[in-house]
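Chemist: Residue numbers (this note's numbering): 169 to 428. Please see the structure below; I have some questions.
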Amino acid sequence: MIEVLNTTELPRAREAGALVAGILQTLKSRCEVGTNLRDIDLWTQAMITEAGAQSCYVDYEPSFGRGPFGHYICTSVNDAVLHGKPYDYTLANGDLLTLDLAVSAGGVVADSAISFIVGDATSSETVALISATERALSAGIAVARPDARIGDISHAIGVVLSEAGYEINTEFGGHGVGSTMHQGPHIPNTGRPGRGYRLRPGLLLALEPWVMADTAELVTDADGWTLRSATGCRTAHSEHTIAITDDGAEILTLPPRSQP
């Protein structure tokens, strides 16, 4: 299914995007050495409930997962890159944490992810990993406009990731959003320009470049959800929900301080 929003629905998409961005930035400010992943989940639940919105994750039960996800946010640490289930883990200095959040507000879904280093430790390799996904995300957004193709976005993302020296896994990628979290079209993180679904105003897309430092192979945790690098290397993931407009792409999940 691919939904295209009309002009009366776009303001609700902006509200959903602002909510997701605000929650993620609040969580980032609270995540420090000693924070437990279960607390992050509880904080997320409280903020979603206070906003009168709905979690897209609690009852999410796709074919690739094991039963309902059962949590309000994905918390992926170090070698975990996607669908990280919150568990009893206390963040340590230098941990690479990815927070991935999708919320439905006003009947429209917004989806976003951020990766960052916990504490005051720095690692040039980790910084480069995160930067590559952020730059790839910006490149994909830059080519998203009416009459462009999904392949144009995939190609732009893939060029950045490949030139940074990372292998690209195409099992999971970006996707359409609307009244539900995962819709068509699928947006691989590499591809051929000029191919695929043609973009048009009203289309909402969640673009999400992610990479693993030295592999493209994933393994699944015993929890049936958390996806990790097969080699145990670090990973990073950046995601924004965008709306295709007459003029190009509007980023709906920019952090509040980044809003014009």
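Yeah, the Cβ is synthetic: ideal placement off N, Cα and C, and Gly gets one too.
Whole alpha helix (DSSP H) runs in the region 180-224 with 4 or more residues, listed along the chain?
Modeler: 205-218, all fully within the region 180-224.
Chemist: Which of the three DSSP states is assigned to Val311 in this structure?
Modeler: DSSP places Val311 in coil when its eight states are reduced to three.
Chemist: Going by alpha carbons, who is nearest to Thr301 out of His323, Ala289, Leu329 and Gly416?
Modeler: The shortest C-alpha separation from Thr301 is found at Leu329.
Chemist: Nearest-angstrom Cα distance between Gly238 and Val201?
Modeler: Whole-angstrom Cα-Cα distance: 25 Å.
Chemist: For Val188, which option in Ser280, Gln222, Ser231 and Lys253 has the closest C-alpha, if you only look at C-alpha atoms?
Modeler: Closest by alpha carbon: Ser280.
Chemist: I need the boundaries of the alpha helix (DSSP H) containing Ser330, first residue and last residue.
Modeler: Counting along the chain, the alpha helix (DSSP H) containing Ser330 begins and ends at Ile318 to Glu331.
Chemist: Do you know how far the Cα of Gly392 is from the Cα of Leu451?
Modeler: Past the edges of the chain, shown from 169 to 428, lies residue 451, and the structure says nothing about it.
Chemist: Cutting at 8 Å between CB atoms, please list the residues of its own chain near Leu241, excluding the five before and the five after it.
Modeler: A small correction: the amino acid at residue 241 is Ile; Leu does not occupy that position in the sequence shown. Within the same chain, Ile241 has close Cβ partners Leu195, Ile208, Asp209, Thr212, Tyr225, Pro254, Leu267, Asp268 and Leu269.
Chemist: Can you give me the C-alpha to C-alpha distance between His405 and Arg317, rounded to a whole angstrom?
Modeler: The alpha-carbon atoms of His405 and Arg317 are separated by roughly 23 Å.
Chemist: In whole angstroms, give me the CA-to-CA distance for Glu218 and Ala273.
Modeler: If you take the alpha carbons of Glu218 and Ala273, they lie about 12 Å apart.
Chemist: Run the CB neighbour count on Asn337, radius 10 Å, all protein chains shown included, and call it buried at 16 or more, exposed below.
Modeler: Buried, because 16 or more other Cβ atoms sit within 10 Å of the Cβ of Asn337.
Chemist: What number of angstroms, rounded off, separates the C-alpha of Tyr249 from the C-alpha of Trp378?
Modeler: The sequence shown places Val at residue 249, rather than the Tyr named in the question. Going by the C-alpha atoms only, they are around 7 Å apart.
Chemist: Let me know the secondary structure DSSP gives Leu265 once reduced to three states.
Modeler: If DSSP states are grouped into helix, strand and coil, Leu265 belongs with the strands.
Chemist: To the nearest angstrom, how far is it from the Cα of Leu372 to the Cα of Arg182?
Modeler: Cα to Cα, Leu372 sits roughly 11 Å from Arg182.
Chemist: Taking all protein chains shown into account, decide if Met215 is buried (16 or more other Cβ within 10 angstroms of its Cβ) or exposed.
Modeler: Buried, by the Cβ-count rule.
Chemist: Quick one: what's got a C-beta closer than 6 Å to Ala324's C-beta in the same chain, skipping five residues either side?
Modeler: Once the five neighbours on either side are set aside, the close Cβ partners of Ala324 are Ala307, Gly308 and Val311.
Chemist: Tell me whether the beta-carbon of Leu375 lies closer than 8 Å to the beta-carbon of Ile355.
Modeler: Yes, they are a contact pair.
Chemist: Going straight from the alpha carbon of Thr322 to that of Tyr334, what length do you get?
Modeler: The displayed chain sequence assigns Ser, not Thr, to residue 322. If you take the alpha carbons of Ser322 and Tyr334, they lie about 15 Å apart.
Chemist: Return helix, strand or coil for Pro428, following the three-state DSSP convention.
Modeler: In this predicted model, Pro428 has a pLDDT of only 41, less than 50, meaning its place in the structure is not dependable; the value taken from the coordinates is given anyway. Pro428 falls in the coil class under three-state DSSP.
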